[in-house]
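Student: Numbering-wise, the sequence shown is residues 1 to 1234 according to UniProt numbering. Ideal Cβ placement from N, Cα and C applies to all residues, glycine included.
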Amino acid sequence: MAAVVPPQTPQRPLPGGYVQTPAVQQQPPPPATIFAQQLASLRNQPPPATQQSGNNDANQAAGGAQQSATSNIDRAANAINEALYLESARFPDLESYITQGISGTYETPPNSAWLPFQRLKLYDLPQAIIEQANQTSTGLTMGLFPEIGHCWAAMDNCLYLWDYKVQGAELIGFEENPFTITSVKLVKPKPGVFVKQITDLIVVSTSENMMLLGVAANTTSTGNSSLVLYNTKMAIPTRGLNVQQIEGSKKEGRIFFLASEGEDIFEFYYQQDEGWFSGKTHRLCHTRSQYDFVPAPVKAVSSFIGGVQKQKKLVKLVIDDSRGLLYTLSSTSEIKVWSIRPNSVALALARPLQSLLQNTGHFSGNTRLLYDEGENKVCLVGLDAIPATEAGKLTLVATTNTGCRLYLSTTRGYGYQADGQNAPTSMQILHIRFPPKDPSAPPTQPLPHASPMGGAAGGAPFGGSANTATAQGNVDVNSQYLKNTESAQRFPPGYFLAAQPNFASSGSDQRSRVFCCAPDFARLKNPQDHSSHNSRFVEFGQWIDLSSWFAGAHIADGKEWTGAGNGGVMGTAGFGNEMALQFSSQTSTEIAIMTGVGVQTIRRRRLVDILAGVLRYGNADTEGEEGGVKRFVSHYGRAETAATAIAVACGQGMDVTGEGSGRVSSVTDSDVLEAARKAFIEQGGKPEFSANAAGSADPVDSVTPSPRYQGLALYVSRLVRGVWKSTILKDDVKPGVPPTVVSTVNLEILRTMQRDLASLKEFLDRNRPFIEGLSGSSALNRVATRGEEIALQGEHRAMQSILSLIGSIGEGLNFVLVLFDEKIDDILALLAPDSRGKAKQLTFESLFVSPDGKELAKELVKAIVNRNIANGSNVDTVAEALRRRCGTFCSSEDVVIFKAQEQVKRASEAGGQSESGRVLLNESQRLFSKVAGSLGQEHLQWAIQQYIGMAFYAGAIQLCLTVAGERDRARRALGWLREGMSDSDPRYDAFNQRKQCYDLIFEIIKSLDQATESQPAEIDGRWSLAAKRRAEAYEVVNESEDAVFQTCLFDWYVAQGREDRLLDIESPFVVEYLKQRSREQREAADLLWRYYAHHNDFLAAAATQVDLAKGFFELSLEERIGYLSRARTNASTRQSALMDSRGSKQQLLREISDLLDVAAIQDDLLQRMKAEPRLTGERRQQVLQELERSGILPVDELFNGYTDQAGYHDLNLLIYQVADHRNPADIKASWDQL
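(1) Taking ALA973 as part of the alpha helix (DSSP H), name the residues at either end of that continuous run.
(2) Taking buried to mean at least 16 other C-beta atoms within 10 Å of its own C-beta, is residue 1242 buried or exposed?
(3) Per DSSP, GLN500 is paired with what?
(4) Are three or more beta carbon pairs between the stretch 150-164 and the stretch 635-644 nearer than 8 Å?
(5) What number of angstroms, rounded off, separates the C-alpha of HIS1094 from the C-alpha of TYR1053?
(6) For GLU334 versus ARG351, is the C-beta distance shorter than 9 Å?
(7) Assuming THR601 contacts ALA551 under a Cβ cut-off of 8 Å, what Cβ separation, rounded to an integer in Å, is found between them?
(8) Across the stretch 727-735 and the stretch 655-668, are there enough close Cβ pairs to call them in contact, namely three or more that are closer than 8 Å?
(9) Do you know offhand how far ASP1154's Cα is from VAL1218's?
(10) Count the other C-beta atoms from every protein chain shown that fall within 10 angstroms of the C-beta of PRO699, then say buried if there are 16 or more, exposed otherwise.
(11) Starting from the Cα of GLU274, find the closest Cα among GLY248, GLY253, ILE255 and MET234 and give me that residue.
(12) So, at 8 Å on beta carbons, what are the nonlocal neighbours of GLU176 in its own chain, with the 5 sequence-adjacent residues on each side left out?
(13) Use the C-beta contact count for GLY598: other C-beta atoms within 10 angstroms, 16 or more gives buried, fewer gives exposed.
(14) For GLU1118, count the other beta carbons within 10 Å of its own beta carbon; 16 or more makes it buried, fewer makes it exposed. Which is it?
(15) Between the alpha carbons of VAL878 and SER914, how many angstroms are there, rounded?
(16) So, are the CB atoms of ASP708 and ILE771 less than 9 Å apart?
(17) Is the separation between the beta-carbon of TYR1092 and that of LEU1062 shorter than 9 Å?
(18) Would you call the CB atoms of LEU757 and ILE806 closer than 9 Å?
(19) Once DSSP output is grouped into helix, strand and coil, what is the label at GLN272?
(20) The alpha helix (DSSP H) with TYR715 in it runs from where to where?
(21) Taking the continuous alpha helix (DSSP H) assigned at ALA1102, which residues delimit it?
(22) Please specify which runs of the alpha helix (DSSP H), each continuous and at least 4 residues long, are wholly inside the stretch 905-933, giving them in chain order.
(23) Taking only three categories from DSSP, how would you classify ALA58?
(24) Are the stretch 989-998 and the stretch 1095-1102 touching by the rule of at least three beta carbon pairs closer than 8 Å?
(25) Look at LYS393 and LEU349 and say whether their C-beta atoms are less than 9 Å apart.
(26) Whole angstroms is fine: what's the gap from LEU380's alpha carbon to ASP419's?
(27) For residue 1247, write down the residues that DSSP places opposite it in a beta bridge.
(28) Would you mind working out which of PRO1173, ASN1212 and GLY653 sits nearest VAL1158, comparing C-alpha positions?
(29) Using three-state DSSP, classify GLN800 as helix, strand or coil.
(30) Buried or exposed: which applies to VAL742, given that a residue is buried once 16 or more other Cβ atoms fall within 10 Å of its Cβ?
(31) For ASP826 versus VAL865, is the C-beta distance shorter than 9 Å?
(32) Run through the stretch 729-787 for me and flag every whole beta strand (DSSP E) of 3 or more residues, listed as ranges in chain order.
(33) Closer than 7 Å by C-beta to VAL816: which residues in its own chain qualify, once you throw out the five before and the five after it? Chain order, please.
(34) Report the rounded CA-to-CA distance for GLU263 versus SER487, giving the unit in angstroms.
(35) Would you mind stating whether PHE889 and VAL861 have Cβ atoms separated by less than 9 Å?
(36) Taking its Cβ as the centre, do 16 or more other Cβ atoms sit within 10 Å of PHE503, making it buried, or is it exposed?
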């Protein structure tokens, strides 16, 4: 403990303060830092609302952390729960930063370290496709099926597929079609229509019909997978439609498509069986009468002849499965919203672009990027749905050819959210996202009068002039940066791609370039100021040049972004939280861009990759490595920086190795890892102690750990996020197959998590001397005040807690992996029914943290070992592997128990009566006794049952006695027996623990007696085997020095009516037991004098009988005289010289003689009173009761109370004689009266 400098001035207590700091010198307050506002905002932030989410809820975690009695693992688990909750609670949903108004803040970093995407690889077209394309008559159309990892190419009437990531992949062709192919689309089939092997459908539209091809995966003999196409024979006619747009509902499997002309929406209806009035397939048109037989091309010609110069047509179709809505975009930039109903599609509303823009003038201004009607007329080139899981009212993003993104909100009455059953009635532009500033454009002046949302008011037809940048200074409403955008796409949670011609490219080939941007989600989650969410909406952007023309982009694996989960927070909060998921999978999001020469893949860089890049390429930047770290801290805060830095130090950072190689590997450069270690240690901040904080009496509970600890807890929570609340087991139910139990989480994910945690623990152990809170007592030498010392103690406690939890999680993961190395169904079958049910409900959190979870895991470990023993496996190998991998659930004592169980099993196989079997049984009993203190009742019962079955009675009894002694080594049960035996006495529990073992011994004795009572004691003059077993067992019983056991044993004998067996036991415990019991039970006193007499201690027997005659037991006078008579006989019997004491014998005989004389007089008196006619009524009953049941009365009481008053002078004379009363006057008077 560091010495505290004594105060120089008298101290007076502060209100509510518990710590006095020294006043050695007056120092100026530290200057405000860039984190002061963040710290203030975090302090003022209200705690999250209470959530009911399990045993370790996030808010219970926050409250539980204030209790000093909380264990280390519980405290760390509370921190993990709180981190998981705040990960979502602090991340704003889309509608909190996409609010009414405009925005346009971008960062296009020149340094590659901060770029949001990385170019991976260009996968060239197969040579066969290029050769075939050169011979086609109708040209080449291509696309990508990301869900199955294949590209497709349509040439004339042929369709080809290939795995674009495999060099020289085999082409899969479909050439049975005789008509020219116009469009191709991959969709999901309707449930139950096709066999389960058909996972996808390829919709092929030709000039004459539209057909369905089934797609199934096929595994070759070498283990490689390939695709197989099946012609389903399902087709519909499409002559004259020239279909260009096809979309499928992933939720329902319905297929919609558009004709090249007109505004009709068609559906390819298909079903498994033919109906009464319909076949398996037919074409539906949802936007006109079924009896309209005039084709769209004919209508187009007639309309042209009628004078209309340009017919409106639908050019894009978007399906929103999350809401049951369908959106269309027309050639005139009109957006229509349709409700998808079971058998129809109904138009809900339609809004042209100009109509939508009329409502935005008050916040956007009149900019040519939105309202240009000249040669470069503004039109929509992109339309993407925002799923309901991402936002409630925001449903669409429409992109203009000038690069502006229009976020549209659709609602029904009173602002409620719309869906397929409740069609929207209103649609308007809620937010406009302008392109980035054009760095080549001349600088602009901000508007003199700007609206609060960044727009200008008044003047222009749609809200005023907007020929300058907004007052925000970051939004250029006239930027030409994304001019001539030809196509745009948005992918959840906010990735945006805009393609435009690359006019700067050399050569005659048409090339495109793509502007790729993504929101800085980390800045949204970790505000470093008090600004609103929308002002923190910043996107990182970059240009990617393509080798040919742009033909579309897709998420490479075809999987939709499902979000990070809301962690118990209501609504859509947390959906776009990339940071929470950056360690949940092996790869980050990849986007595949289809071009005219192949597929260009790009990779979304995670926050950990960006920091790794900053540390790797920072020296090439003007900021330098240190400046890059400071920028990272200023953007995202110290806690996020610490979490990301330790992730980089543990090898989580990824980077592309080689331009265009497509290989992504971990960043393991020593200088990068060292820089990350330095950032974690130096940028981690300090713990804070608040002396005025309300809480427990322990001041350490008022310590707020440092951002370094918060970052460490955040990193651990992100590692375990995918499994923390998940159950370990689940039932796998398949039709026609018995249900089996499988792992809820892929085991490879658990192994990766295990490696990451091991790397983290190694890092912390290696850097323990440098990390505040782990460096030990040496850090106390650097503190200057008592407050700093307490803060350091709190930091140390928090750090040690997280270390304990990391170890517990590692062992828990080891256990789960060991568990699934076995046949889990067989393991569960060995558990009790209630334990089996609990095992299926066990979560990873409970396994890592809860004592109940750990106890259940121990039961599973025992079941694993028992199954291996039953299968003949070497228990040493199995148990040692369990102990090494998960020692918490399999200790060294457990290993000994397992070995003992194996010895018992081997003895059973060898035969319990054989010599080798007895040796094995003795060895098992020795092993069990070695760990008697940790031997549970279940294991003990199992061993005893096995021992009884093999007639190993003596060993079974000895084992029970050993376990009983180890359970109560302080002999508290003996004190309980001797001091009243109260049920409320805490020592009763110790007695009860012993009693469980003694009850097993009684069962053993019963089994022993039943097995040997009918067996002869001798055979041919020699002891029989049964007699030997009996003698061995009773020798152990009778020679036990356990006083508590002997007491319970004797009680059991008496309760069984076998008290005579006590007479045959030569043990001091019998006498002690009977003496104690004889104070309350006459039967025990009788048994005591019989025991003495049985063992030839007649004098003691006589003394006991005298005590009975004189005692307080309710005996008749006749019974007391009988005890005295037998006592005189026993006392007169000659004993051995060792046991005979002449003095005490004579004294006892004299006492017996005197008592007999008095008893004889009392008996005569009793007989007289019975015949006395003067004694009547209640008095008669009272006198007779006193004389017969009140014991042997004193002679003075007999004389004064009875004989003298009754005038029985002859009895008076006898009393004078017994009492040796020699007064002549009294004697003469009695003679005279007689």
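Tutor: Looking at the atomic coordinates:
(1) One-based indexing of the sequence shown puts residue 973 at position 973. Here the alpha helix (DSSP H) through ALA973 covers 972-978.
(2) One cannot answer for residue 1242 here, as it falls past the ends of the chain, which runs 1 to 1234.
(3) Locating residue 500 in the sequence shown gives position 500, counting from the first residue. DSSP lists ARG513 as partners of GLN500.
(4) no
(5) Numbered from 1 along the sequence shown, position 1094 holds the residue referred to as residue 1094. Numbered from 1 along the sequence shown, position 1053 holds the residue referred to as residue 1053. Roughly 18 Å between the two C-alpha positions.
(6) Locating residue 334 in the sequence shown gives position 334, counting from the first residue. Locating residue 351 in the sequence shown gives position 351, counting from the first residue. Contact: yes.
(7) For the purposes of this step, residue 601 is taken as residue 601 along the sequence shown, with counting starting at 1. For the purposes of this step, residue 551 is taken as residue 551 along the sequence shown, with counting starting at 1. Not confirmed; about 14 Å, so no contact.
(8) no
(9) Here residue 1154 refers to the residue found at position 1154 of the sequence shown. Here residue 1218 refers to the residue found at position 1218 of the sequence shown. So the two alpha carbons sit approximately 7 Å from each other.
(10) Counting from 1 along the sequence shown, the entry for residue 699 is found at position 699. It counts as buried.
(11) Translated into positions along the sequence shown, residue 274 becomes position 274. Nearest option by C-alpha distance: MET234.
(12) If you number the sequence shown from 1, residue 176 lands on position 176. If we look at GLU176 and ignore the five residues flanking it on each side, its Cβ neighbours are ASN231.
(13) Here residue 598 corresponds to residue number 598 of the sequence shown, with the count starting at 1. The residue in question, GLY598, is buried, as its Cβ has 16 or more Cβ neighbours within 10 Å.
(14) For this step, residue 1118 is matched to residue 1118 along the sequence shown. Exposed.
(15) Here residue 878 refers to the residue found at position 878 of the sequence shown. Here residue 914 refers to the residue found at position 914 of the sequence shown. If I take the Cα positions, the gap works out to 28 Å.
(16) On the sequence shown, residue 708 is found 708 positions in, with the first residue counted as 1. On the sequence shown, residue 771 is found 771 positions in, with the first residue counted as 1. For the sequence presented, residue 708 should be read as Arg rather than Asp. Yes, Cβ-Cβ distance for ARG708 and ILE771 is below 9 Å.
(17) The residue you call residue 1092 lines up with position 1092 of the sequence shown. The residue you call residue 1062 lines up with position 1062 of the sequence shown. No, Cβ-Cβ distance for TYR1092 and LEU1062 is not below 9 Å.
(18) Locating residue 757 in the sequence shown gives position 757, counting from the first residue. Locating residue 806 in the sequence shown gives position 806, counting from the first residue. For LEU757 and ILE806, yes; Cβs fall inside 9 Å.
(19) Here residue 272 refers to the residue found at position 272 of the sequence shown. Coil at GLN272, not helix or strand.
(20) Residue 715 sits at position 715 when you count from the first residue of the sequence shown. Note, TYR715: alpha helix (DSSP H), 707-720.
(21) Start at 1 with the first residue of the sequence shown, and residue 1102 comes out as number 1102. Residues 1098-1110.
(22) 915-930
(23) As a working mapping, residue 58 is identified with position 58 in the sequence shown. Reliability of the predicted coordinates at ALA58 is poor, the pLDDT of 38 falling under 50, and no value is obtained from them.
(24) no
(25) The residue labelled residue 393 in the question sits at position 393 within the sequence shown. The residue labelled residue 349 in the question sits at position 349 within the sequence shown. It is not a contact, given that the beta carbons lie outside the stated cut-off.
(26) On the sequence shown, position 380 is the one that residue 380 refers to. On the sequence shown, position 419 is the one that residue 419 refers to. One C-alpha to the other measures close to 24 Å.
(27) Nothing about residue 1247 can be reported from this structure: the residues present for the chain run from 1 to 1234 only.
(28) Position 1158 of the sequence shown, counted from the first residue, corresponds to residue 1158. That would be ASN1212, whose Cα lies nearest to the Cα of VAL1158.
(29) Position 800 of the sequence shown, counted from the start, is the residue given in the question as residue 800. It is helical.
(30) Taking the first residue of the sequence shown as position 1, residue 742 is located at position 742. Exposed is the call here.
(31) Position 826 of the sequence shown holds residue 826. Position 865 of the sequence shown holds residue 865. Cβ atoms of ASP826 and VAL865: not closer than 9 Å.
(32) 729-734 and 737-743
(33) Residue mapping note: residue 816 aligns to position 816 of the sequence shown, counting from 1. Within the same chain, VAL816 has close Cβ partners ILE728 and LEU750.
(34) Taking the first residue of the sequence shown as position 1, residue 263 is located at position 263. Taking the first residue of the sequence shown as position 1, residue 487 is located at position 487. Each residue's Cα considered, the two are about 21 Å apart.
(35) As a first step, residue 889 must be located in the sequence shown, where it is residue number 889. As a first step, residue 861 must be located in the sequence shown, where it is residue number 861. Yes. Within cutoff.
(36) By one-based count along the sequence shown, residue 503 stands at place 503. Its Cβ having fewer than 16 others within 10 Å, PHE503 is exposed.
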